[in-house]
Amino acid sequence: MLAYRIELVRDDNGTFLATCPDLPEVTTFGEDEREALIHVEDAIEEALAARMAKRRDVPPGCAATASPHVHLRLQTEIKVGLYCSMRDAGLRKADLARLLSVHAPQVDRLFDLRHASRLDQMEAAFRAMGKRLAVGVEPEPRP
Numbered sequence: 056m057l058a059y060r061i062e063l064v065r066d067d068n069g070t071f072l073a074t075c076p077d078l079p080e081v082t083t084f085g086e087d088e089r090e091a092l093i094h095v096e097d098a099i100e101e102a103l104a105a106r107m108a109k110r111r112d113v114p115p116g117c118a119a120t121a122s123p124h125v126h127l128r129l130q131t132e133i134k135v136g137l138y139c140s141m142r143d144a145g146l147r148k149a150d151l152a153r154l155l156s157v158h159a160p161q162v163d164r165l166f167d168l169r170h171a172s173r174l175d176q177m178e179a180a181f182r183a184m185g186k187r188l189a190v191g192v193e194p195e196p197r198p
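Reading the sequence shown from the start, the letters are residues 56 to 198 in my numbering.
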């Protein structure tokens, strides 16, 4: 699972400030630790979406043993993986559209972190770049 290390700091007003060292643009807060974790996960997804939209590098994340950290949704991990694979192959979205024989808006949705893309479409995109999508199951970390 794609995870990013975070830093939680209790503010002098009792709220929790949450940041992500790998994504300096991520700064948010919550009234309590739980709320801060929810907000920082959303902020990380927004930062990744912005980087992808601007064709910037996306940091690889951290090992799931880093503490503290947040895991992102599986769909986000798949889409970020597709984006990184496309960049590594030196392709653009237009190239991927040609490889898949689809229109540009269909490819745009593959990279939209808020769009629920179908798994078969994601697999086809990876296959078009000579990659295979693999999914694993892990135990849920205990608090």
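C-beta: ideal position from N, C-alpha, C; glycine also. Note that the structure is a prediction, hence the values are computed from the model and not measured.
Check	Outcome
Endpoints, alpha helix (DSSP H) assigned at ALA159	159-166
Contact check, MET107 vs TYR59, beta carbons under 7 Å	no
From GLY145, HIS94, LYS148, residue whose alpha carbon lies closest to that of LEU127	HIS94
VAL81, buried or exposed, once every other Cβ within 10 Å from all chains shown has been counted against 16	buried
Distance CB(LEU165)-CB(GLU178) smaller than 7 Å	no
Contacting residues, own chain, Cβ-Cβ under 8 Å from ASP206 (five flanking each side not counted)	Because residue 206 is not part of the residues shown, which for the chain are 56 to 198, the question remains open.
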